[in-house]
Amino acid sequence: MELLHNLAFGFEQALTLQNLLYCALGCTVGTLIGLLPGLGPLSTISLLLPLTYSIPAGGAFIMLAGIYYGAQYGDSVSAITMKIPHASSIVACIDGYQMTLKGKTGLALFTAGISSFIGGTVAIVVLATMAPMLGEVGFLFGPADYCALMLLGFFCVSFVSSGSLLNGLAMAMIGVLLGMIGTDVNSGVARYTMNLAFLQDGVGLISIALGCFGIAEVVKNLDNKNVLTPFNGKIKLMPTWPEFKRILPSALRGSVIGSVLGILPGGGPTIAQFAAYAADKKFSKYKHEIGTGCIEGVAGQAAADEAAARTSFIPLMAIGIPENAVMALMMAAFIVKGIQPGPNMIASHPDLFWGLVASMWIGNCFLVILNVPLVRYWLSVFKIPYVVLFPAILFFCCIGTYSINNSLDDIYTTAVFGLIGYLFLRLDMEAAPLMLGFILGPMLEENFRRAMLLSRGDFNIFVTRPISATLLSVISIVVIWQTTAFFRAARKNRNKPALVAEEVAPAAG
Amino acid sequence: MNSRNFVRGVVIMALALLFGIVALNYKLGTLGRSGAGMFPFMVSCALFVVGLITAVRSFFIERLAVDYDVKNIALVLASLVGFAVISEYLNMILGIVFLVFCSTFAGTSYSVFRNIKISVCLIAIAFAFKNFLGLSLPLY
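Protein sequence lines correspond, in order, to chains A and B. Numbering-wise (our numbering), the first sequence opens with residue 1 and increments by one. Numbering-wise (our numbering), the second sequence opens with residue 1 and increments by one.
Okay, structure coming up:
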């Protein structure tokens, strides 16, 4: 009952004309930018973050959330119609693009839209019930437990996003070190500032995000000399009833899988999609058709994608620890607005929390009634040649970094990170763990120093506290599993080098 | 050596050394009462180990070549820096024009007329940002 009351309160917050407008604007702009090649949710959010600066806190979060799922939908649209994969829509490329080849683009887009709606709805119920409950758990966390949770997050994100624990961990640690730049809060010493005044406050998150994701991606596309063939096919949106009936079971399955995987540390849309796709392959009534362009292959993963995107807000809002790079950006946006996500957030800003929950559902409706029918017009973005698009993207990167502090110095920082991001890209180093490390770095240091202070420099504090001991043992299991996998692959490799060469790469990185 | 994994290991180790050695200049303190340098130093050590493992491991797995193109990244960076410099000393409208004309050299084709059109559009967007969204851009 209390839940319904809270949700009603949330809808009251979200259904003001102003907030509805922000929500619609966020969804539309997010979809539009998300469609562009090379711009996934992370870069879309960082590009559009400045738009929200002059908006009051409630509206700003509603718009940001709209941008986030708009970007995700936009991503899957470009994956379905043109097989341009981003991190968040790799799975949509498989069956979705096959459906386009069969001339069923409209059906695929509709399926993706409606499944996202179903996934989002399920996830909101989970979010509304779980977040306050987990918030209670959040109060039990001591400094050592926070450290262990953040470490677990690093391990999981490293593993999920780059497929190789070692690479991802290195990036997370580089991120942590970059987070050290600026004034040390405990002693007031300026660290790694090279005597530059504008580095005293640290490197801007947006500079890193736009450098590593925006600029590096633009240059990568330029290097590839990508010439896009715009999509010109016919789009017939509405499915027939038997087709519609096929969407439902697999979308529901995807929603549940996505909701669960979204909450876990390091979880989030990418892994949820793969899991849902695998589940469809195993349990669907039409499993023999999956991979050849069938409805289930699109529905399940789209629902899981959306559900995981929603439920990944839970750890951020309940415990105050973002579990993936997108959530890290969201956290930065919260802090810019003067709100510290964590166990206290739901109690002290109920209007923001419930308003955001309600607006997520409203955003879903916008996606279905606005974006899905209009998608054929959105697709005309691709008629713009890349040589026109990329100066515009660079311009938005500049405006985005400039308007945070109204400082041109930040553009130089962005340029430096563009170079670093390009280097990382060419060395196959995934930048997502770096973002998470950068956001969590200062928190990790703070909590680590506090834990050490409490235990007088004794590391036992990490094993004697039940929460941190559990989390750390999960980490050690992951490490042991990875090492044995590598050595097993290496041994196999030595026995028959030519055959297994391809297998080793994904297994060990 | 032209191996992506090996270069990666070396880059990681270099970064670890850079951050680690600088960290030693700050006060380390003890674990119980750590100074400003303790935590970065610990992370740098761990990072160095990871880099070392990456470099050593590269000898046991398949080699991948490093491919890169200096021209595009250099052009893009130059246009960003030029945009900032021109905006600081002249104004942002000229900065936008420079950004467009410089960065499009990296594209597949170059057309002055098209660049003028892009610049006009972007300047219009900048005015919209300034007047409707309240961003304070030094446009003129």
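Glycine included, every Cβ here is placed at the ideal spot set by N, Cα and C. What you are looking at is a predicted structure, and each value in this text was computed from that prediction instead of being measured.
Local conformation of residue i per DSSP, three classes
{"i": "T183 (chain A)", "result": "strand"}
{"i": "A84 (chain B)", "result": "helix"}
{"i": "S115 (chain A)", "result": "helix"}
{"i": "S455 (chain A)", "result": "coil"}
{"i": "R33 (chain B)", "result": "coil"}
{"i": "A190 (chain A)", "result": "strand"}
{"i": "H349 (chain A)", "result": "coil"}
{"i": "E289 (chain A)", "result": "helix"}
{"i": "S403 (chain A)", "result": "helix"}
{"i": "L64 (chain A)", "result": "helix"}
{"i": "I90 (chain A)", "result": "coil"}
{"i": "V375 (chain A)", "result": "helix"}
{"i": "V463 (chain A)", "result": "helix"}
{"i": "E502 (chain A)", "result": "With a pLDDT of 44 at E502 (chain A), under the threshold of 50, the predicted position of this residue should be treated as unreliable, though the coordinate-derived value follows. Of the three classes helix, strand and coil, the one that applies to E502 (chain A) here is helix, per DSSP."}
{"i": "Q72 (chain A)", "result": "helix"}
{"i": "S136 (chain B)", "result": "coil"}
{"i": "M1 (chain B)", "result": "Low confidence applies to M1 (chain B): its pLDDT is 49, below 50, so where it sits in the model is not reliable, and the reading given next is rough at best. Residue state, collapsed to three classes: coil."}
{"i": "I80 (chain A)", "result": "helix"}
{"i": "S158 (chain A)", "result": "helix"}
{"i": "V388 (chain A)", "result": "helix"}
{"i": "L24 (chain B)", "result": "helix"}
{"i": "K492 (chain A)", "result": "helix"}
{"i": "M92 (chain B)", "result": "helix"}
Backbone CA spacing between residue i and residue j [nearest angstrom]
{"i": "F101 (chain B)", "j": "G95 (chain B)", "result": "10 Å"}
{"i": "E502 (chain A)", "j": "P322 (chain A)", "result": "Legend: pLDDT at E502 (chain A) = 44, less than 50; position of this residue unreliable, value from coordinates given subsequently. Distance between the alpha carbons of E502 (chain A) and P322 (chain A) is about 34 Å."}
{"i": "Q301 (chain A)", "j": "G35 (chain B)", "result": "48 Å"}
{"i": "V43 (chain B)", "j": "V137 (chain A)", "result": "29 Å"}
{"i": "L356 (chain A)", "j": "G363 (chain A)", "result": "10 Å"}
{"i": "L512 (chain A)", "j": "L472 (chain A)", "result": "Outside the displayed span of chain A (1 to 509) sits residue 512 (chain A), for which this structure offers no information."}
{"i": "V77 (chain A)", "j": "T464 (chain A)", "result": "49 Å"}
{"i": "W378 (chain A)", "j": "F127 (chain B)", "result": "24 Å"}
{"i": "G421 (chain A)", "j": "C398 (chain A)", "result": "16 Å"}
{"i": "V516 (chain A)", "j": "I346 (chain A)", "result": "Past the boundaries of the shown model lies residue 516 (chain A); chain A is included only from 1 to 509, so the question cannot be answered."}
{"i": "M150 (chain A)", "j": "L444 (chain A)", "result": "7 Å"}
{"i": "R456 (chain A)", "j": "G32 (chain B)", "result": "4 Å"}
{"i": "N195 (chain A)", "j": "V336 (chain A)", "result": "25 Å"}
{"i": "V112 (chain B)", "j": "V85 (chain B)", "result": "22 Å"}
{"i": "L35 (chain A)", "j": "T81 (chain A)", "result": "10 Å"}
{"i": "F88 (chain B)", "j": "V76 (chain B)", "result": "According to the sequence as given, residue 88 (chain B) is Glu; it is not Phe. Taking the straight line joining both Cα atoms gives about 19 Å."}
{"i": "I404 (chain A)", "j": "L135 (chain B)", "result": "9 Å"}
{"i": "G509 (chain A)", "j": "S164 (chain A)", "result": "With a pLDDT of only 32 at G509 (chain A), under the threshold of 50, the placement of this residue in the model should not be trusted; the figure read from the coordinates follows. Using only the alpha carbons, I get a separation of about 5 Å."}
{"i": "L25 (chain A)", "j": "A325 (chain A)", "result": "23 Å"}
{"i": "G40 (chain A)", "j": "A65 (chain A)", "result": "14 Å"}
{"i": "V298 (chain A)", "j": "D280 (chain A)", "result": "10 Å"}
{"i": "R8 (chain B)", "j": "S407 (chain A)", "result": "33 Å"}
{"i": "N72 (chain B)", "j": "A46 (chain B)", "result": "34 Å"}
{"i": "R63 (chain B)", "j": "A489 (chain A)", "result": "16 Å"}
{"i": "R57 (chain B)", "j": "C23 (chain A)", "result": "49 Å"}
Chain A residues whose Cβ lies nearer than 8 Å to that of residue i
{"i": "V50 (chain B)", "result": "L166, L169, A170, M173"}
{"i": "L90 (chain B)", "result": "By Cβ distance, chain A contributes nothing, its closest Cβ being about 12 Å from L90 (chain B), past 8 Å."}
{"i": "V11 (chain B)", "result": "L423, L427"}
{"i": "A122 (chain B)", "result": "With the sequence shown as reference, residue 122 (chain B) is identified as Leu, and Ala is not the correct amino acid for it. What L122 (chain B) touches in chain A: P391, A392, F395."}
{"i": "L17 (chain B)", "result": "In chain order: nothing, as chain A lies at least about 12 Å away."}
{"i": "I118 (chain B)", "result": "V388, P391, A392"}
7 Å Cβ cut-off: residues of chain A touching residue i
{"i": "S3 (chain B)", "result": "In chain order: nothing, as chain A lies at least about 11 Å away."}
{"i": "I21 (chain B)", "result": "Result: empty, since nearest Cβ-Cβ is about 11 Å, beyond 7 Å."}
{"i": "A128 (chain B)", "result": "Simply none; closest approach about 11 Å."}
Under 8 Å by beta carbon: chain B residues contacting residue i
{"i": "P413 (chain A)", "result": "Reading the sequence as shown, one finds Thr at residue 413 (chain A) and not Pro. Near T413 (chain A) there are no residues of chain B at all, since even the closest Cβ is about 10 Å away, more than 8 Å."}
{"i": "K225 (chain A)", "result": "T108"}
{"i": "L39 (chain A)", "result": "Under the 8 Å cutoff, chain B gives no residues; its nearest Cβ is about 15 Å from L39 (chain A)."}
Chain B residues whose Cβ lies nearer than 7 Å to that of residue i
{"i": "M180 (chain A)", "result": "P40"}
{"i": "Y422 (chain A)", "result": "I73"}
{"i": "A490 (chain A)", "result": "F60"}
{"i": "V218 (chain A)", "result": "V76"}
{"i": "G457 (chain A)", "result": "T30, L31, G32"}
Listed by chain order, chain A residues near residue i by CB distance under 9 Å
{"i": "L139 (chain B)", "result": "Residues of chain A passing the Cβ test: none, with the nearest at roughly 11 Å."}
{"i": "V66 (chain B)", "result": "R426, L427"}
{"i": "L24 (chain B)", "result": "Near L24 (chain B) there are no residues of chain A at all, since even the closest Cβ is about 12 Å away, more than 9 Å."}
inquiry  = Closer than 7 Å between beta carbons: that is the criterion. Which residues of the segment 92-109 of chain B meet it against chain A?
reply    = Within the segment 92-109 of chain B, I96, L99, V100, S103, T104, A106, G107, T108, S109 place their CB atoms closer than 7 Å to a CB of chain A, listed in sequence order.
query: Just by C-beta distance, which residues in the segment 380-406 of chain A are closer than 8 Å to chain B?
result: Closer than 8 Å at the C-beta level to chain B, one finds these residues of the segment 380-406 of chain A: Y386, V387, V388, F390, P391, A392, L394, F395, C397, C398, I399, Y402, S403, N406.
To be precise: take each residue of the segment 425-455 of chain A, compare its Cβ to all Cβ atoms of chain B, and keep it if any distance is under 7 Å. Which residues remain?
Against chain B - using a Cβ distance shorter than 7 Å - the residues of the segment 425-455 of chain A are R426, L427, D428, M429, E445, F448, R449, M452, L453.
According to a CB-to-CB cut-off of less than 8 Å, which residues of the segment 42-61 of chain A neighbour chain B? So the list reads P50, L51, Y53, S54, given in the order they occur along the chain.
Taking a cut of 8 Å between CB atoms, which residues from the segment 183-203 of chain A lie near chain B? Answer in chain order: D184, N186, S187, V189, R191, Y192.
Margin query: To be precise: take each residue of the segment 51-63 of chain B, compare its Cβ to all Cβ atoms of chain A, and keep it if any distance is under 7 Å. Which residues remain?
Written below: When CB distances to chain A are screened at a threshold of 7 Å, the residues of the segment 51-63 of chain B falling below it are G51, I53, T54, F60, I61, E62, in chain order.
Between the segment 100-131 of chain A and chain B, which residues of the former have a C-beta closer than 8 Å to a C-beta of the latter? Of all residues in the segment 100-131 of chain A, none has a C-beta nearer than 8 Å to a C-beta of chain B.
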